[in-house]
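Trainee: Protein chains in written order, with our numbering: chain A, 1 to 250; chain B, 251 to 506.
Ideal Cβ positions, reconstructed from N, Cα and C, are used throughout, including at glycine.
Computed from a predicted model, the values in this text were never measured in an experiment.
See the structure below:
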């Protein structure tokens with residue numbers, strides 16, 4: 001990638017364990033995310049990739065281990081502090097999770113609600129942020145449309161715009177290219193790269209899409225059997241002779 | 251002793267609903283308050299239900315009068331028709347029918363809406379954006395249902411009594427002023443107040459069950475359908491249970 005990551009870890013995961021009954025999806029999993037880096041977590045379906053980022057954002061609670069973001073221990077934070085930290089983290093859901101009953105504008109304004117409380121944001125500032133977010137994804141004309149009126153690719157872009165509106169320092173992408181046609185998929189990946197360059201964000205991209213991995217990844221972590229099985233660049237992993245790694249690239 | 255599986259799951263769900271209600275009281279009265287969303291929900295639950303409740307109440311008043319008339323005529327008590335119908339409507343029939351209609355319309359809509367939000371990760375998205383989804387979605391809906399049911403019930407009373415007036419004039423002649431003076435003579439505060447109070451509980455039950463079923467919807471579209479369906483079934487059943495308890499309390503207080 002053109003933008004070499006700076007070697008300052010913004011997110012550190014140590015010995016993370018999460019089970020569902022007897023299924024240990026994360027088994028002492030370790031990971032670091034460096035500033036300005038696009039890190040792809042690659043793994044087959046059901047390997048625990050989505051569980052991992054849901055633990056990071058605090059939607060799921062692991063049984064063991066620690067998650068440190070910007071020096072703060074996520075698992076020890078109060079709800080108030082967790083909400084404050086979440087404002088620095090964007091999350092793009094696999095299903096987009098746009099609010100069906102709200103227009104595109106209302107969807108984008110929703111994450112700003114906590115800022116309203118601080119009285120540091122007026123209507124013109126909000127409009128400015130909404131417009132900027134929509135310009136970033138090239139969909140200014142959809143501002144008054146309902147999510148149901150948008151195509152799959154447009155919904156993904158709007159979801160990305162909503163993720164960007166708070167100018168997060170870390171973005172977590174949950175399978176961003178799933179269910180998209182090849183052209184839209186490429187557009188979304190390019191958009192993710194452009195955003196990373198423009199805002200210098202650090203990203204964790206959960207994916208099993210090799211096109212996404214090859215285009216967007218600075219580094220790839222392979223999540224196999226609940227552990228960080230391999231950790232290298234895409235090119236190096238492609239050359240790896242380990243049968244479990246090879247399986248993905250063959 | 252081994253507890254049968256059905257009983258066990260019933261007890262577990264009752265416990266879960268209890269915890270859900272205690273969370274409502276814990277979070278509902280702490281700032282920040284979601285006033286705008288509460289007003290929006292009150293509009294959907296209350297205002298948007300007026301036509302349906304009105305039409306049902308009108309037919310109910312009309313039919314009750316038409317069907318009661320022959321019996322009263324048989325006993326030579328035709329002049330008691332407005333009094334009998336109004337007491338029946340205000341004490342029992344109008345609040346119950348309103349609550350059952352609301353359970354069908356509002357309970358199912360809340361169950362399906364929250365269920366689909368859960369399945370499509372919209373509730374998670376709210377949480378991630380720093381908004382407490384329980385406060386924003388659940389507290390507002392339960393409060394709106396609790397506050398709107400009494401208003402819908404009052405509306406239903408008024409329309410049903412008007413329907414009864416028309417019903418009384420189909421086979422007889424009762425003047426507008428005579429009809430209303432007989433109604434107000436027959437109905438006392440002890441008829442009206444307990445029936446109004448129980449509608450708050452009906453609304454609360456509809457809101458709680460609709461939200462509980464939707465908020466805890468299992469994954470998939472089938473789960474959304476089940477949430478909507480069971481929200482109606484359970485809240486309708488609860489309405490009858492609450493009514494039974496309310497009648498017993500009214501009886502104990504000597505308000506019958």
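Flag this pair as yes or no: are the beta carbons of residue 226 (chain A) and residue 7 (chain A) separated by less than 8 angstroms?
Mentor: It is not a contact, given that the beta carbons lie outside the stated cut-off.
Trainee: Quick one: which unbroken alpha helix (DSSP H) runs of 4-plus residues sit fully inside the stretch 288-333 of chain B? Chain order, please.
Mentor: Entirely contained in the stretch 288-333 of chain B, the alpha helix (DSSP H) runs reaching 4 residues are, in chain order, 300-324.
Trainee: Would the beta-carbon of residue 455 (chain B) fall within 8 angstroms of that of residue 404 (chain B)?
Mentor: Contact flag unset, no.
Trainee: Could you list which residues in chain A have their beta carbon closer than 7 angstroms to that of residue 379 (chain B), in chain order?
Mentor: Going along chain A in sequence order, the residues near residue 379 (chain B) (Cβ under 7 angstroms) are 110, 111.
Trainee: Is residue 95 (chain A) close to chain B, meaning its C-beta is less than 8 angstroms from at least one C-beta of that chain?
Mentor: Chain B, which has a Cβ nearer than 8 angstroms to the Cβ of residue 95 (chain A), makes this yes.
Trainee: Going by beta carbon distance, what residues of the same chain come within less than 6 angstroms of residue 1 (chain A), once the five residues before and after it are set aside?
Mentor: Residue placement at residue 1 (chain A) is flagged as unreliable, the pLDDT there being 47, under the threshold of 50; a coordinate-derived value is accordingly withheld.
Trainee: Strictly under 8 angstroms for the Cβ-Cβ distance: is residue 256 (chain B) near chain A by that measure?
Mentor: No, residue 256 (chain B) lies away from the interface with chain A (no Cβ there is under 8 angstroms from its Cβ).
Trainee: If you reduce the DSSP assignment to three classes, tell me which class residue 522 (chain B) lands in.
Mentor: For chain B, the structure presents residues 251 to 506; residue 522 (chain B) sits outside this window and is missing.
Trainee: Cα separation between residue 307 (chain B) and residue 484 (chain B)?
Mentor: Each residue's alpha carbon lies about 23 angstroms from the other.
Trainee: What does the alpha-carbon distance come out to for the pair residue 284 (chain B) and residue 390 (chain B)?
Mentor: Those two C-alpha atoms are separated by around 7 angstroms.
Trainee: Use the C-beta contact count for residue 262 (chain B): other C-beta atoms within 10 angstroms, 16 or more gives buried, fewer gives exposed.
Mentor: Classification of residue 262 (chain B): exposed, given that the 10 Å Cβ count is below 16.
Trainee: Residue 2 (chain A) by DSSP, collapsed to three states: which one?
Mentor: With a pLDDT of only 47 at residue 2 (chain A), under the threshold of 50, the placement of this residue in the model should not be trusted; the figure read from the coordinates follows. In the structure shown, residue 2 (chain A) sits in coil (DSSP, three-state: anything other than H, G, I, E or B).
Trainee: How would you list, in chain order, the residues of chain A whose beta-carbon sits under 7 angstroms from the beta-carbon of residue 236 (chain B)?
Mentor: Look at the range of chain B in this structure, 251 to 506, and you will see that residue 236 (chain B) is not part of it.
Trainee: With distances taken from CA atoms, which of B:461, B:412, B:256 is nearest residue 269 (chain B)?
Mentor: When each option's Cα is compared against that of residue 269 (chain B), the closest is B:461.
Trainee: Decide if residue 37 (chain A) is buried, meaning its Cβ has at least 16 other Cβ atoms within 10 Å, or exposed.
Mentor: Result: buried.
Trainee: Which residues, taken in chain order from the stretch 344-378 of chain B, show a beta carbon closer than 7 angstroms to some beta carbon of chain A?
Mentor: Those would be 370, 371, 372, 374, 375, 377, 378, in chain order.
Trainee: Of all the options B:340, B:387, B:341, which has the alpha carbon lying nearest to the alpha carbon of residue 363 (chain B)?
Mentor: Of B:340, B:387, B:341, the residue nearest in Cα terms is B:387.
Trainee: Could you say which of A:9, A:49, A:61 lies nearest to residue 172 (chain A) if we only look at CA atoms?
Mentor: That would be A:49, whose Cα lies nearest to the Cα of residue 172 (chain A).
Trainee: Taking buried to mean at least 16 other C-beta atoms within 10 Å of its own C-beta, is residue 15 (chain A) buried or exposed?
Mentor: Looking at its Cβ environment, which holds fewer than 16 other Cβ atoms inside 10 Å, residue 15 (chain A) is exposed.
Trainee: In three-state terms, what does DSSP make of residue 222 (chain A)?
Mentor: Correct three-state label for residue 222 (chain A): strand.
Trainee: Taking only beta-carbon positions, decide if residue 69 (chain A) is within less than 8 angstroms of chain B.
Mentor: By this cut-off, residue 69 (chain A) is not an interface position.
Trainee: Rounded to whole angstroms, what's the CA-CA distance from residue 222 (chain A) to residue 271 (chain B)? Just pull it up for me.
Mentor: Distance between the alpha carbons of residue 222 (chain A) and residue 271 (chain B): 43 angstroms.
Trainee: At least one CB of chain B closer than 8 angstroms to the CB of residue 275 (chain A): is that the case?
Mentor: The shown model of chain A, from 1 to 250, leaves out residue 275 (chain A), and the question about it has no answer.
Trainee: If I measure Cβ to Cβ from residue 47 (chain A) and keep anything under 6 angstroms in the same chain, skipping five residues before and after, which residues do I get?
Mentor: The answer, listed in chain order, is 223.
Trainee: Let me know the secondary structure DSSP gives residue 242 (chain A) once reduced to three states.
Mentor: It is coil, neither helix nor strand.
Trainee: Which whole-angstrom value is the C-beta distance of residue 69 (chain A) and residue 131 (chain A), which I expect to be below 8 angstroms?
Mentor: Contact doesn't hold; Cβ gap of about 29 angstroms is too wide.
Trainee: Nearest by alpha-carbon distance to residue 328 (chain B): which of B:277, B:417, B:375, B:348 is it?
Mentor: Among B:277, B:417, B:375, B:348, the Cα nearest to that of residue 328 (chain B) belongs to B:417.
Trainee: Which ranges would you report for the alpha helix (DSSP H) in the stretch 161-234 of chain A if only whole runs of at least 4 residues count?
Mentor: Qualifying alpha helix (DSSP H) stretches, in chain order: 182-199, 210-216.
Trainee: Identify every residue that forms a DSSP beta bridge with residue 64 (chain A).
Mentor: For residue 64 (chain A), which the question treats as bridged, DSSP gives the partners A:17.
Trainee: In chain order, what residues of the same chain have a beta carbon less than 6 angstroms from the beta carbon of residue 291 (chain B), not counting five sequence neighbours either side?
Mentor: These residues qualify, in order along the chain: 390, 391, 394.
Trainee: In whole angstroms, what is the alpha-carbon distance linking residue 337 (chain B) and residue 385 (chain B)?
Mentor: Roughly 39 angstroms separates the two Cα atoms.
Trainee: For a contact defined as C-beta to C-beta under 8 angstroms, what are the partners of residue 87 (chain A) on chain B?
Mentor: Under the 8 angstroms cutoff, chain B gives 380.
Trainee: Secondary structure at residue 89 (chain A), three-state DSSP: helix, strand or coil?
Mentor: Residue 89 (chain A): strand per DSSP, three-state reduction.
Trainee: Listed from N- to C-terminal order along the chain, which residues in the stretch 189-221 of chain A have their beta-carbon within a distance smaller than 7 angstroms of any beta-carbon of chain B?
Mentor: Residues passing the 7 angstroms Cβ filter: none.
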